[in-house]
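Contents: one structure, followed by commentary.
Numbering (this note's numbering), first residue to last: 1 to 154.
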């Protein structure tokens, strides 16, 4: 976690957190903790409810942290949440984390780019929106991609 994220968690009135957030990441929170995660086998909070809660609490002047694992703008729905807050006129700050697609590989000693072997990297979702009329992914083109493919939520 970044220092900025720790500072914000410690001072927030409310921390809305996902399922994959480790308990120790929430240890410094002094405000209310609210689970808004998605659990494929259990309790889940629909994204629309999470967005409505962010707008409601932010509009009421509460200091809110929306804590997500990794980078909220890499398959984390952070873009949807930021768009809703901006549309409602609620000021917000984005504190990016380190995306798992880079962190996990680096931790294992595997570079996602290397000037001798991989000049590009692509991040691909393993679970597109089921309501999309058709996939946006061109699997044949991805098979020819001249770099590293990182699959999320596969």
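By construction, the Cβ of each residue, glycine as well, lies at the ideal position given by its N, Cα and C atoms.
Endpoints, the beta strand (DSSP E) within which residue i is located
i           : result
residue 125 : 121-125
residue 150 : 148-152
residue 128 : Element bounds for residue 128: n/a, residue is neither H nor E.
residue 34  : 32-35
residue 16  : 14-17
Counted within 10 angstroms of its Cβ, other Cβ atoms place residue i as buried (16 or more) or exposed
i           : result
residue 94  : exposed
residue 132 : exposed
residue 72  : buried
residue 114 : exposed
residue 110 : exposed
residue 160 : There is no way to answer for residue 160, as the model of the chain reaches only from 1 to 154.
residue 49  : exposed
residue 29  : buried
residue 129 : exposed
residue 67  : buried
Own chain, CB closer than 6 Å to residue i, minus 5 neighbours either side, in chain order
i           : result
residue 11  : none
residue 100 : 70
residue 5   : 95
residue 120 : 147
Proximity to residue i [Cα-Cα], best of the options
i           : options            : result
residue 87  : 38, 67, 51         : 51
residue 70  : 13, 144, 146, 22   : 22
residue 25  : 40, 59, 65, 48     : 65
residue 122 : 96, 144, 77        : 144
residue 167 : 141, 5, 148, 1     : No answer is possible for residue 167: it lies beyond the span of the chain, which begins at 1 and ends at 154.
residue 16  : 32, 130, 96        : 32
residue 127 : 119, 153, 107, 112 : 153
residue 27  : 43, 47, 1          : 1
residue 79  : 106, 14, 47, 8     : 47
Close Cβ partners of residue i (< 8 Å) along its chain, the five nearest in sequence each way excluded
i           : result
residue 84  : 51, 54, 55
residue 45  : 35, 36, 37, 38
residue 58  : 64, 85, 88, 90, 91, 92
residue 124 : 137, 142, 149, 150, 151, 152
Continuous alpha helix (DSSP H) stretch holding residue i: start and end
i           : result
residue 55  : 47-59
residue 8   : 3-11
residue 136 : Here residue 136 belongs to no alpha helix (DSSP H), and DSSP marks it neither H nor E.
residue 24  : 23-26
Residue i Cβ short of 8 Å to the ligand COA heavy atom set
i          : result
residue 24 : Inclusion of the ligand COA in the displayed structure is not the case, the ligand content being empty and no account of it being possible.
ask   = Can you list the alpha helix (DSSP H) stretches of 4 or more residues lying completely in the stretch 64-118, in chain order?
value = 78-87, 100-107
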